[in-house]
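All remarks here apply to the structure that follows.
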Amino acid sequence: MIPKNISKAASWYESSARDRINGLLDHGSFREILGPEAGVISPHLALFDLPPAFDDGMIIGRGTMNGHPVAIAAQEGQFMGGTFAEVSGAKLVGLLRAATAAADTAQAVSTVFLLLDTGGVRLQEANAGEMAVSETVRALLEARSAGIAVIALIGGRAGAFGGGGIVTACCSHVIISEQGRISISGPEVIETNKGAEEFDSRDRALVWRVTGGRSRALLGGADSYVKGDVASFRQAAAVTRNTLPDFSLATLDAEQKRLEERLNAYGDCRDTPEIWARAGIDDPKNVSELSDDAFIALLAEKGHAHGAR
Amino acid sequence: MAPADLLAALFPEGHNVTPGAENTLLGTAIVANESVAVLGITDATPLSPEIAITLAGFVLDIIRAGEKTPIVLLIDTASQRMTRRDEMLGLNEYLGHLAKVITLAGAQGHRTVGILYGTAAAGAFIATALATQTLIALDGAHPSVMDLPSIARVTKLPLDVLTEKAASTPIFAPGVVPLAAMGAVAEVWAAADGPLAPRLATVLATSSNQDTRDVLGAERGGRKQAHDVALRVAAAFLKPASGEGAI
Chain S
1 MIPKNISKAA SWYESSARDR INGLLDHGSF REILGPEAGV ISPHLALFDL
51 PPAFDDGMII GRGTMNGHPV AIAAQEGQFM GGTFAEVSGA KLVGLLRAAT
101 AAADTAQAVS TVFLLLDTGG VRLQEANAGE MAVSETVRAL LEARSAGIAV
151 IALIGGRAGA FGGGGIVTAC CSHVIISEQG RISISGPEVI ETNKGAEEFD
201 SRDRALVWRV TGGRSRALLG GADSYVKGDV ASFRQAAAVT RNTLPDFSLA
251 TLDAEQKRLE ERLNAYGDCR DTPEIWARAG IDDPKNVSEL SDDAFIALLA
301 EKGHAHGAR
Chain C
1 MAPADLLAAL FPEGHNVTPG AENTLLGTAI VANESVAVLG ITDATPLSPE
51 IAITLAGFVL DIIRAGEKTP IVLLIDTASQ RMTRRDEMLG LNEYLGHLAK
101 VITLAGAQGH RTVGILYGTA AAGAFIATAL ATQTLIALDG AHPSVMDLPS
151 IARVTKLPLD VLTEKAASTP IFAPGVVPLA AMGAVAEVWA AADGPLAPRL
201 ATVLATSSNQ DTRDVLGAER GGRKQAHDVA LRVAAAFLKP ASGEGAI
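Protein chains in written order, with our numbering: chain S, 1 to 309; chain C, 1 to 247.
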C-alpha cells in the first residue's frame with residue numbers, strides 16, 4: 001500500500017515549471033519578471049511556422065526560501081524542449097547579471113536557483129541559443145564570484161542536455177533525482193552520428209545507467225540526490241546554501257585534481273557497473289534496482305562527495 | 001592554415017610553442033616586447049575529457065604563476081567528442097571545467113583572446129572559443145552550433161528550405177558571418193588585410209572586463225532582442241517592490 005502522504009506528494013518530474021517554482025519557494029512569495037503578460041516572445045519561431053509561448057519557456061523572478069530573498073529561473077521542458085534561445089536565454093542572463101549587480105544592496109539575494117529542464121540549444125535559433133549558453137556561463141560565474149550561490153535542480157522530463165549540461169557543471173551545487181539526466185550529446189545524437197553499436201538510444205536502462213541521476217550522484221557529477229517529489233527538492237535546496245564552494249583558483253585546482261583522478265580510475269570502463277565494481281560497491285548491477293532510501297544510504301557510504309565545483 | 005604557419009604569422013617576434021599531448025599546443029611568445037602564454041587545440045580534434053583536462057591544467061598553471069600573463073588560445077577543434085564512454089565519465093564536467101578556468105583567468109586579470117583558425121562546434125565552441133574575453137576569427141574559420149543537415153533532421157524541414165531560410169537570417173546558419181552578427185566574434189581577420197601580428201598586439205592592449213557580446217549582437221542586427229530583454233530583467237529585479245521601503 002502506498003502511504004497517503006507519498007501518493008499525494010507532487011512529483012518534480014510531472015510538475016510544470018511554474019508548479020516547481022511555487023513548490024520550491026515560500027508559499028505565495030514568487031514575483032515573476034517579464035511574465036506572460038509582458039508578451040516577450042521569440043521573434044524567430046514564426047519563420048518555422050511554430051507557435052510562440054508568452055514566456056518563451058523560461059520563467060524567472062524572485063521570492064523567498066525560509067524567509068531569505070532568492071532569485072529563481074525555471075525552464076519549461078514542455079515548450080520547445082526547454083531550450084536556450086534568444087529570448088529565453090536573455091531572461092536567464094539578465095537575471096544572473098541582476099543578482100550580481102544587486103549584491104550588497106537592499107535587493108540582494110543569497111542564491112540563484114536554476115530549475116533546468118532542457119534539451120540544450122534551440123536549433124531554430126541555434127546561434128542565438130549558443131550565445132545564450134555562453135553568456136549564461138559567464139554571468140553565472142560572475143554571480144558566484146560575487147558570493148552568490150547558484151544551485152541547479154534537475155529532475156524534469158527534458159533533463160539537462162547540450163549546453164544545459166555545461167551550465168549545470170558551472171553551478172556551485174547540483175541537486176538531482178533518479179529521473180534527472182545530465183549529458184552534452186544526447187543518446188539519439190550519438191546514435192545518429194556514431195551508430196547504435198556506440199550508443200543504443202532505445203536501450204532505456206543503458207541510457208539511465210550512463211546519464212541518469214544515480215550515476216551522476218555516485219560519480220560526483222551531482223552533489224545532492226533527492227527523492228523525486230517537490231518537497232524533497234525544497235528540503236535539499238534549503239540546506240545546501242551555506243557550505244558551497246567559492247569560484248576561486250583553489251576550487252578549480254581541486255576540481256582539476258578530482259576530474260583527473262576520475263579519468264585515471266575509470267577511463268577504461270565501458271559501462272557504469274564496471275565503475276561501481278571498481279569503486280567497491282557490492283552487487284554493482286543492482287544500483288538501479290535499489291529503493292531511494294537504500295540508494296541514499298549507499299551514496300553516503302560510497303559516493304564522491306566533494307566541494308570542488 | 002597549418003599551426004606552424006599560424007604561429008609564424010601571429011608571432012614574428014618569436015615563440016617556443018610546441019605540440020603537446022592530444023593535439024594540443026603549449027608555449028610562450030613575444031608580442032610587442034611582452035610575453036604571452038599560448039595554448040591551442042589543432043587538427044579539428046573533437047574535444048574529449050582528456051583534451052579538456054590537459055588544456056585546463058595549462059591554464060591553471062598560468063594563473064598560479066601569478067604574472068597575469070595574457071593568454072592566447074588557438075582553436076581548431078570539432079564538436080565535443082561523441083561517445084558513450086565520454087558522456088558516462090561526465091563530459092559536461094570536463095567541458096564546464098575548461099570554460100570555468102578560462103573565465104577565471106579573465107576574472108583574475110589575464111587578458112584572454114581566442115583565435116579561431118579552423119572549426120569549432122556545439123559544446124566544444126562554448127568551452128573554448130566562447131569562453132575567452134575576445135574571439136577573433138581568421139579567414140577560413142568555420143564556427144557552427146550544428147550543421148544544416150542535422151538542423152533539418154531535428155526541425156523536420158527539407159534541407160533546401162532550410163538553406164533558403166538561412167539566406168534571410170543569421171539566427172541559425174553556420175559560419176563566421178552569421179556568428180559575427182550574433183556578437184560571438186569580435187573581429188574577422190583576412191590575410192589580404194595585412195599582417196596579423198600588429199592586429200593581435202592591438203587586441204591584447206585593449207581591456208575587456210565585461211561581457212558585451214549581446215550589445216554587439218544588437219548593433220550588428222543579428223540579435224535584436226537579447227540585450228534589451230536582459231536590461232529589462234535587470235531593471236525590474238533591481239527596482240524596490242512597492243511597500244518594501246525605498247532606498
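Glycine included, C-beta positions come from ideal geometry on N, C-alpha and C.
>> Going residue by residue through the region 83-129 of chain C, where are the continuous beta strand (DSSP E) segments of at least 3 residues, counting only ones entirely within it?
In response: 112-116 and 119-121
> Does the beta carbon of Gly57 (chain C) come closer than 9 Å to any beta carbon on chain S?
Replying inline: yes
> For Ile41 (chain S), which of helix, strand or coil comes out of DSSP?
Replying inline: coil
>> Just to make sure I have the definition right: I need the residues of chain C whose C-beta is within less than 9 Å of the C-beta of Arg20 (chain S). Which are they?
In response: Neighbours of Arg20 (chain S) on chain C: none; closest Cβ ~20 Å, over 9 Å.
> At what residue ranges does the region 32-86 of chain S contain a whole run of the beta strand (DSSP E), taking only runs of 3 or more?
Replying inline: 58-65 and 68-75
> Taking Cβ positions, are Thr128 (chain C) and Gly118 (chain C) nearer each other than 9 Å?
Replying inline: no
> On the premise that Lys302 (chain S) lies in contact with Leu219 (chain S), defined as a C-beta separation below 8 Å, what is that separation, rounded to the nearest angstrom?
Replying inline: Not a contact, Cβ separation roughly 11 Å.
> Going along chain S, which residues have a C-beta under 9 Å from Thr169 (chain C)?
Replying inline: His44 and Leu47
>> Taking the beta carbon of Gly81 (chain S) as the centre, do at least 16 other beta carbons fall within 10 Å, making it buried, or is it exposed?
In response: buried
> Along chain S, in chain order, which residues have C-beta atoms closer than 8 Å to that of Asn16 (chain C)?
Replying inline: Result: empty, since nearest Cβ-Cβ is about 24 Å, beyond 8 Å.
> Are the beta-carbon atoms of Thr24 (chain C) and Leu55 (chain C) separated by less than 9 Å?
Replying inline: yes
> Using a C-beta to C-beta distance shorter than 8 Å, which residues of chain C count as neighbours of Gly163 (chain S)?
Replying inline: Gly123 and Ile126
> Of all the CB atoms in chain C, is at least one closer than 9 Å to the CB of Leu219 (chain S)?
Replying inline: yes
>> Quick check on Glu135 (chain S): does DSSP put it in helix, strand or coil?
In response: helix
> What residue does the beta strand (DSSP E) around Phe58 (chain C) start on, and which one ends it?
Replying inline: From DSSP, Phe58 (chain C) is part of no beta strand (DSSP E) but of the alpha helix (DSSP H) over Pro49 to Ala65.
>> Taking 9 Å as the threshold (beta carbon to beta carbon), is Pro187 (chain S) in contact with chain C?
In response: yes
> Hey, which unbroken runs of the alpha helix (DSSP H) at 4 residues or more fall wholly within the region 156-180 of chain C?
Replying inline: 159-166
> What are the boundary residues of the beta strand (DSSP E) that Val233 (chain C) is part of?
Replying inline: Taken as a continuous stretch (DSSP letters only), Val233 (chain C) belongs to no beta strand (DSSP E), being part of the alpha helix (DSSP H) at Ala226 to Leu238.
> Apart from the five residues just before and just after Phe248 (chain C), which ones in its own chain have a Cβ nearer than 6 Å to its Cβ?
Replying inline: There is simply no residue 248 (chain C) to check, as chain C begins at 1 and stops at 247 in what is shown.
> In terms of alpha-carbon separation, which member of C:Leu157, C:Ala181, C:Thr155 and C:His142 lies closest to Leu116 (chain C)?
Replying inline: C:His142
> Relative to the C-alpha of Thr132 (chain C), which residue among C:Ala99, C:Val145, C:Val154 and C:Glu164 is closest?
Replying inline: C:Ala99
> From the DSSP output, which residues share a beta bridge with Gln80 (chain C)?
Replying inline: C:Leu47
>> For Ser288 (chain S), tell me which candidate among S:Val210, S:Thr64 and S:Ala143 has the shortest Cα-Cα distance.
In response: S:Val210
> When the Cα of Ile175 (chain S) is compared with those of S:Ala265, S:Tyr266 and S:Ala152, which residue comes out closest?
Replying inline: S:Ala152
> How would you list, in chain order, the residues of chain S whose beta-carbon sits under 8 Å from the beta-carbon of Arg64 (chain C)?
Replying inline: Leu249 and Asp253
> Going by beta carbon distance, what residues of the same chain come within less than 7 Å of Asn22 (chain S), once the five residues before and after it are set aside?
Replying inline: Phe30
> In terms of residues, what are the limits of the alpha helix (DSSP H) holding Ile182 (chain S)?
Replying inline: No alpha helix (DSSP H) contains Ile182 (chain S), which DSSP labels as neither H nor E.
>> Here's a check: name, in chain order, each residue in its chain whose Cβ is nearer than 8 Å to the Cβ of Leu47 (chain S), leaving out the five neighbours to either side.
In response: Gln124
>> When you compare the CB of Lys91 (chain S) with every CB in chain C, is at least one pair closer than 9 Å?
In response: yes
> Can you tell me whether DSSP reads Tyr225 (chain S) as helix, strand or coil?
Replying inline: strand
> Residues of chain S with a CB under 8 Å from the CB of Thr132 (chain C): which are they?
Replying inline: Neighbours of Thr132 (chain C) on chain S: none; closest Cβ ~10 Å, over 8 Å.
>> Counting C-beta neighbours from all protein chains within 10 Å, is the total for Arg216 (chain S) 16 or more, i.e. buried, or is it exposed?
In response: buried
>> Cutting at 6 Å between CB atoms, please list the residues of its own chain near Gly140 (chain C), excluding the five before and the five after it.
In response: none
> For the region 89-107 of chain C against the region 143-151 of chain C, are there 3 or more C-beta pairs whose distance is under 8 Å?
Replying inline: no
> alpha helix (DSSP H) containing Gly217 (chain C): first to last residue?
Replying inline: Arg213 to Glu219
> What whole-angstrom Cβ distance do Thr168 (chain S) and Ile182 (chain S) have, given they're in contact under 8 Å?
Replying inline: 6 Å
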